[in-house]
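**Q** Right, I'll just put the structure down here and ask away after.
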Amino acid sequence: GGIITQTPKFLIGQEGQKLTLKCQQNFNHDTMYWYRQDSGKGLRLIYYSITENDLQKGDLSEGYDASREKKSSFSLTVTSAQKNEMAVFLCASSMAGQDTQYFGPGTRLLVL
Amino acid sequence: QQQVRQSPQSLTVWEGETAILNCSYENSAFDYFPWYQQFPGEGPALLISILSVSDKKEDGRFTIFFNKREKKLSLHIADSQPGDSATYFCAANSGGSNAKLTFGKGTKLSVKS
Numbered sequence: 001g002g003i004i005t006q007t008p009k010f011l012i013g014q015e016g017q018k019l020t021l022k023c024q025q026n027f028n029h030d031t032m033y034w035y036r037q038d039s040g041k042g043l044r045l046i047y048y049s050i051t052e053n054d055l056q057k058g059d060l061s062e063g064y065d066a067s068r069e070k071k072s073s074f075s076l077t078v079t080s081a082q083k084n085e086m087a088v089f090l091c092a093s094s095m096a097g098q099d100t101q102y103f104g105p106g107t108r109l110l111v112l
Numbered sequence: 113q114q115q116v117r118q119s120p121q122s123l124t125v126w127e128g129e130t131a132i133l134n135c136s137y138e139n140s141a142f143d144y145f146p147w148y149q150q151f152p153g154e155g156p157a158l159l160i161s162i163l164s165v166s167d168k169k170e171d172g173r174f175t176i177f178f179n180k181r182e183k184k185l186s187l188h189i190a191d192s193q194p195g196d197s198a199t200y201f202c203a204a205n206s207g208g209s210n211a212k213l214t215f216g217k218g219t220k221l222s223v224k225s
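Chains X and A are the protein sequences, given in the same order. Sequential numbering from 1 applies to the first sequence in this note's numbering. Sequential numbering from 113 applies to the second sequence in this note's numbering.
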């Protein structure tokens, strides 16, 4: 078995601030994902990475940057936090060629 | 354009009843359909999945019924338990080298005892 760790668990930011969320997985999975979850809107893909140093835009990439520093870690940066923004950011990983994605517990963002 | 739709948005059933959660899709290329279960404060976890070559998949109390012609599927939870109270997401992708899942907006299930 493996685990996905997301840090921090809670993140409170100020409008206009650059905020970084981190994700680590020990499954030895090739592919990693960042999703945004808003209440009543399901999961929307922000960025994904098929392998180390690869980066692919999802449906919601505007306003975000991502970095796959090594196989086990994938970071997401909110480039300029929007006032009253509140969402959960979920990291996931999967084995190459496998459809099953495993999710972390999420980072809860609140922008004041 | 929402490619995966779920209904109802929320559902309440009594303990012991069968809960039926619905999902429909638009993209004919979709051939893999997982259902994820999410408890408050946690990330989603894979519950059960089906490939488009099948019309039914069972795993204990959980069954997926799939209708390829109508592009519809449903998740049936038999003998519902209070511990089944969670949000359920239907998702889809077209397999192959495509690593992206498209998620529905979810159905929030409450099981009352």
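Don't be surprised by glycine CBs; every beta carbon is placed ideally from N, CA and C. For clarity, every value in this text was computed on a predicted model and none was experimentally measured.
Check whether the region 69 to 79 of chain X and the region 118 to 134 of chain A are in contact - that is, three or more C-beta pairs closer than 8 Å.
**A** no
**Q** Run through the DSSP bridge pairs and tell me what A:S215 is partnered with.
**A** The displayed chain sequence assigns Phe, not Ser, to residue 215 of chain A. Looking at the DSSP assignment, A:F215 forms a beta bridge with A:A203.
**Q** Starting from the beta carbon of X:Q101, find every residue of chain A whose beta carbon is closer than 7 Å, and list them in chain order.
**A** L213
**Q** Assuming A:E62 is part of the beta strand (DSSP E), what are its boundary residues?
**A** Residue 62 of chain A lies beyond the range of chain A shown here (113 to 225); nothing can be said about it.
**Q** Answer yes or no: do A:A204 and A:Y148 have a C-beta to C-beta separation smaller than 8 Å?
**A** no
**Q** Per DSSP, X:M95 forms a beta bridge with which residues?
**A** BP columns for X:M95 are empty, so no partner.
**Q** Within 8 Å, do at least three Cβ pairs link the region 26 to 35 of chain X to the region 127 to 134 of chain A?
**A** The region 127 to 134 of chain A vs the region 26 to 35 of chain X: no contact.
**Q** I need the DSSP call for A:D196, collapsed to helix, strand or coil.
**A** helix
**Q** So, does the CB of X:Y47 fall closer than 8 Å to a CB anywhere in chain A?
**A** No, X:Y47 lies away from the interface with chain A (no Cβ there is under 8 Å from its Cβ).
**Q** In chain A, which residues lie less than 9 Å from X:G1 when you measure between Cβ atoms?
**A** The premise fails here: X:G1 is roughly 13 Å from chain A at the closest Cβ pair, so nothing lies under 9 Å.
**Q** For chain X, check one thing: does any of its Cβ atoms lie closer than 8 Å to the Cβ of A:E138?
**A** no
**Q** If we cut at 8 Å on Cβ distances, does X:P8 have a partner in chain A?
**A** no
**Q** Just to confirm the assignment, what range does the beta strand (DSSP E) spanning X:T77 have?
**A** Here the beta strand (DSSP E) through X:T77 covers S73 to V78.
**Q** Do we get a CB-CB distance below 8 Å when we pair A:N134 with the residues of chain X?
**A** no
**Q** Judging by CA-CA distance, which residue of X:Q98, X:D99 and X:N84 is the nearest neighbour of X:G16?
**A** X:N84
**Q** Let's see if you can read the secondary structure: which residues bound the beta strand (DSSP E) around X:E69?
**A** Where X:E69 is concerned, the enclosing beta strand (DSSP E) stretches over Y64 to K70.
**Q** Measure the C-alpha to C-alpha separation of X:G63 and A:Q114 and round it to an integer number of angstroms.
**A** 21 Å
**Q** For a test of the three-state rule: what should DSSP assign to X:G13, helix, strand or coil?
**A** strand
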